[in-house]
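Here the protein sequences line up with chains Z and V, keeping their order. Quick note: the first sequence uses our numbering, first residue 1, plus one each step. Quick note: the second sequence uses our numbering, first residue 423, plus one each step. Just so it is clear, CB atoms sit at the ideal spot from N, CA and C, and this is done for glycine as well. Because the structure is a prediction, the values reported are computed rather than measured. One structure is given here, and the rest of the page talks about it.
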Amino acid sequence: MKRRKLLQMLAAGSAFYGPWKVHHAWAQAPQKKPLVIGLTMDASGQFGASGTSERLGAMMAIREFNEKGGVLGRHIEALHIDTETTPATGSRVAERMITRNEVAFLIGGLSSGVANAIGQVAQKYGVVYLNSNSSSPTESGRDCKRVKFVWDGNGTNFAQAIVKNAIKVNGGNWALLTNDYIWGHNTSKATRELVVKNGGRVLDELMVPQGTRDFSSFLLKLQQMKPQVVAAAVGGDDFRAMRQQVLQTKLDRQFAWVNNQQDWEDVYGLGAEAAFGVFGTTWYYRFDLPGVKEFVEKYKKTFPGMQVKNPGNTFYNGYVATRELLRCVEEAGTTSNIAIIKKLEGRKMTARDRMQHHDAWIDPATHQVQQTIYMATYNDKPAETDDIFKILSNVAPADIVDPDAPKACKMASYQETPSYEQ
Amino acid sequence: MTALANLTPHLLNGVSLGLMFALIALGFMLIVGVMEVINLAHGSLFALGAYFAIFIVGLNLGVGIEARYALAFFLAPLGVALVGMVLEVAMRRTYGRDPLYGLLLTFGAALVIEELIRLVWGSTEKQLPLPPDLSGAMLIGGFIYSKYRLYASGAAVVLILLLYLFLEKTPYGAMIKAGAHDSEMVRALGINLTRLRLFVFALGAALAGLAGIVLAPIWGVRPHVGVDAVVPAFLIIVLGGVGSFWGAVVAGVLVGIVVAVTGAYASEWSLLSMYLLLIALVTWRARGLFGKKTVLEN
Numbered sequence: 001m002k003r004r005k006l007l008q009m010l011a012a013g014s015a016f017y018g019p020w021k022v023h024h025a026w027a028q029a030p031q032k033k034p035l036v037i038g039l040t041m042d043a044s045g046q047f048g049a050s051g052t053s054e055r056l057g058a059m060m061a062i063r064e065f066n067e068k069g070g071v072l073g074r075h076i077e078a079l080h081i082d083t084e085t086t087p088a089t090g091s092r093v094a095e096r097m098i099t100r101n102e103v104a105f106l107i108g109g110l111s112s113g114v115a116n117a118i119g120q121v122a123q124k125y126g127v128v129y130l131n132s133n134s135s136s137p138t139e140s141g142r143d144c145k146r147v148k149f150v151w152d153g154n155g156t157n158f159a160q161a162i163v164k165n166a167i168k169v170n171g172g173n174w175a176l177l178t179n180d181y182i183w184g185h186n187t188s189k190a191t192r193e194l195v196v197k198n199g200g201r202v203l204d205e206l207m208v209p210q211g212t213r214d215f216s217s218f219l220l221k222l223q224q225m226k227p228q229v230v231a232a233a234v235g236g237d238d239f240r241a242m243r244q245q246v247l248q249t250k251l252d253r254q255f256a257w258v259n260n261q262q263d264w265e266d267v268y269g270l271g272a273e274a275a276f277g278v279f280g281t282t283w284y285y286r287f288d289l290p291g292v293k294e295f296v297e298k299y300k301k302t303f304p305g306m307q308v309k310n311p312g313n314t315f316y317n318g319y320v321a322t323r324e325l326l327r328c329v330e331e332a333g334t335t336s337n338i339a340i341i342k343k344l345e346g347r348k349m350t351a352r353d354r355m356q357h358h359d360a361w362i363d364p365a366t367h368q369v370q371q372t373i374y375m376a377t378y379n380d381k382p383a384e385t386d387d388i389f390k391i392l393s394n395v396a397p398a399d400i401v402d403p404d405a406p407k408a409c410k411m412a413s414y415q416e417t418p419s420y421e422q
Numbered sequence: 423m424t425a426l427a428n429l430t431p432h433l434l435n436g437v438s439l440g441l442m443f444a445l446i447a448l449g450f451m452l453i454v455g456v457m458e459v460i461n462l463a464h465g466s467l468f469a470l471g472a473y474f475a476i477f478i479v480g481l482n483l484g485v486g487i488e489a490r491y492a493l494a495f496f497l498a499p500l501g502v503a504l505v506g507m508v509l510e511v512a513m514r515r516t517y518g519r520d521p522l523y524g525l526l527l528t529f530g531a532a533l534v535i536e537e538l539i540r541l542v543w544g545s546t547e548k549q550l551p552l553p554p555d556l557s558g559a560m561l562i563g564g565f566i567y568s569k570y571r572l573y574a575s576g577a578a579v580v581l582i583l584l585l586y587l588f589l590e591k592t593p594y595g596a597m598i599k600a601g602a603h604d605s606e607m608v609r610a611l612g613i614n615l616t617r618l619r620l621f622v623f624a625l626g627a628a629l630a631g632l633a634g635i636v637l638a639p640i641w642g643v644r645p646h647v648g649v650d651a652v653v654p655a656f657l658i659i660v661l662g663g664v665g666s667f668w669g670a671v672v673a674g675v676l677v678g679i680v681v682a683v684t685g686a687y688a689s690e691w692s693l694l695s696m697y698l699l700l701i702a703l704v705t706w707r708a709r710g711l712f713g714k715k716t717v718l719e720n
């Protein structure tokens, strides 16, 4: 080949290839708009620690889908703004995410007050919202929404699983310690009804204002009342401070304590005794069930160096809720809200898939996930440092259905719900 | 009689709680009194004291928990005092300007310290290990009471008295009081006001750190625990009269009693009660319990 011919070929090749190399976007099909999911989780305030965990759970699910190429060919982006365990902030964050950031869905909620506020905004715009971890019975009862799906067990579910047995074992004289906000009120209300229904009586109910750090007067009052059982519906930082003071005075041994639901982050790293009393949970990292070990390993691999070495129930709920939503998007072939709502309503999820002991489903009348509830207490024979829960029993979802929720829940119809698609 | 017998444990518990509230407020009072700066970083310094103590108690020094706790009790406040000194140096450009500058700077410092705590120690709950002699419960008048609370109240009394003696019986205390009264006159008398302010800020920060160590086993330790301290501290110094040492102590005890009694008999009001007390008292006596009369009131 002559030198001139070689140069001509090189020039032609460069002319053709150059622009493709420099402006490589020209060579590709138009990029699809990313699917933005708004994560409305608390990073500060009473539920800051648990909110952080549920955010990581949602992000792990999103990462899994992105590794498979996203959904509907769209890359998934997570946008998180701290809802500060404050309903007004939750409302503002939701409004901003929908109107400015054009999120397709909203996920997150620890405080029922915050979840309710987000739910109201979501319903106004028609945005599907997964309340991943807040558990006031009102969330799937009085405050239910067509667009809102509740993923945690609620106060009534937990009370139903615990109260009857606790009366039988410990006695019928109960005192209630109630966090003075929507979750506390409704959980204690459910507990009170079940205590009375099962032949017990409530001696008194002490309201614990949110932000309480000194529980000495409550603990003295309990000693004056002399109940057989103390049912505490106290959450987050308030519960941590209370637990510290109960353990210091050894009052965990004076009464039988029923702590309704115990979030992993509220007891993590404080030793087995920190998880005193009997309490409910929805998942434990040492379940001997298919997939659990792999799930825990994945958590460790995805978030190396975390202080919380093993995932807990709030992480789990954040993960399964997000995963299920994205599966629904894939199945529906659209992000249209009504199509997704229809996919979620009545959805059945196998025990194996959810790493629980019984199959779960989403009640179409209340939008609450009906799932296995576990009774637990502190583990006196831990297999390792983090093994602080001893699972006492599990209750099938059909046995602990909240009977009042469907009566109280009045959802907007599909027609009344604004169409929304991003 | 029965009602009184029922009330007595709550009153005593209120006094114990109040002493701890007073301890939280002392450092805050000192800085406001001398420097006329509302130190919004007080809560973060409180938290820092607890974290420093956790760090020191956790060190492998080859000595028992008692010795490590004692060491933490002395060294952790010194560490917080150093942080306080850095903060004071940063504040110097705000002196003599609109008080909002100082307020904003200390607010920013509070956020920075809280985030630094998160970075170093993480967001999860921590516990300050205690010597076994301070842990556990005891029976007082038929009630189970935490041994540690009695120790904490005792520690608060000792620290309050030591501070009082320091302010009243030493030349440094006299300078601090004079600085609070008329800083320009103090400067005119040849006292190095810059150094005095640095010292006062360090002392106030150390007191915040000490309160953090004392309260850590009761409230628990988390990065934002300081928020729980700064609000009562602010309320107590207003209630007691800004700059008044005994005002802060009496107001602290008063707040403790009100919170404890409402906690027992109208629990939903227990947190709100301190604010209601403030409103009632300030309405009746705007300068607080022991605040000095202003010229306008004469």
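- Annotated as proximal: G642/V and Q244/Z, with beta-carbon spacing under 8 Å.
- Contact between R201/Z and G172/Z holds: CB atoms are separated by about 6 Å, below the 8 Å threshold.
- Per DSSP, K148/Z is one residue of the beta strand (DSSP E) stretching across K148 to V150.
- For V147/Z, the closest Cβ of chain V is not nearer than 8 Å.
- By the neighbour-count definition (other C-beta atoms within 10 Å, threshold 16), A489/V is an exposed residue.
- Counting along the chain, no alpha helix (DSSP H) covers K715/V, and no H or E run does either.
- For K309/Z, the closest Cβ of chain V is not nearer than 8 Å.
- A direct Cα-Cα distance of roughly 10 Å separates A559/V from L572/V.
- If you look at R201/Z, you'll find it in the beta strand (DSSP E) that goes R201 to V208.
- Under the DSSP assignment, H185/Z falls outside any beta strand (DSSP E), being part of the alpha helix (DSSP H) whose first and last residues are I182 to K197.
- Residues of the segment 202 to 232 of chain Z with a C-beta atom less than 9 Å from some C-beta of chain V are E205, L206, M207, V208, P209, Q210, G211, T212, R213, D214, F215, S216, S217, F218, L219, L220, K221, Q223 and Q224, listed in chain order.
- When secondary structure is reduced to three states using DSSP, S217/Z falls in the helix class.
- Within 10 angstroms of the beta-carbon of Q262/Z lie 16 or more other beta-carbons, which makes it buried.
- For G449/V, the CB contacts under 6 Å within the same chain, skipping 5 residues up- and downstream, are G626, L629 and A630 in chain order.
- Of all residues in the segment 435 to 446 of chain V, only N435 and L439 come within less than 7 Å of chain Z when Cβ atoms are compared, listed by chain position.
- What A682/V touches in chain Z, judged by beta-carbon distance under 9 Å, is D214, S216, S217 and L220, going in chain order.
- For the pair V329/Z and I340/Z, the CB atoms are nearer than the 8 Å cut-off.
- Taken through DSSP and simplified to helix, strand or coil, A463/V comes out as coil.
- A distance below 7 Å between beta-carbons, with the five flanking residues on each side excluded, links A396/Z to the following residues of its chain, in chain order: H358 and T372.
- With respect to chain V, the C-beta atom of A175/Z has no partner C-beta closer than 8 Å.
- Bounds of any beta strand (DSSP E) do not take in T424/V; it lies within the alpha helix (DSSP H) bounded by T424 to M457.
- With fewer than 16 other CB atoms across the displayed protein chains lying within 10 angstroms of its CB, W706/V is exposed.
- For T377/Z, the enclosing beta strand (DSSP E) stretches over residues I373 to Y378.
- At least 8 Å separates the beta-carbon of I679/V from that of G455/V.
- For the 8 Å CB-CB criterion, D214/Z and L439/V form a contact.
- For the set E205/Z, D380/Z, V103/Z and A190/Z, the Cα lying nearest the Cα of V121/Z is the one of V103/Z.
- Chain Z places a beta carbon closer than 8 Å to that of A559/V, counting this residue as a contact.
- S50/Z places its beta carbon 8 Å or farther from that of T322/Z.
- Here DSSP, grouped into helix, strand and coil, assigns W361/Z to strand.
- Its chain contains A559 as the residues whose beta carbon lies nearer than 7 Å to that of S568/V, once the 5 sequence neighbours on both sides are disregarded; these appear in chain order.
- Residues of chain Z with a Cβ closer than 7 Å to the Cβ of G544/V are, in chain order, Q307.
- Listed by position along chain V, the residues whose Cβ is nearer than 7 Å to that of Y268/Z are T546.
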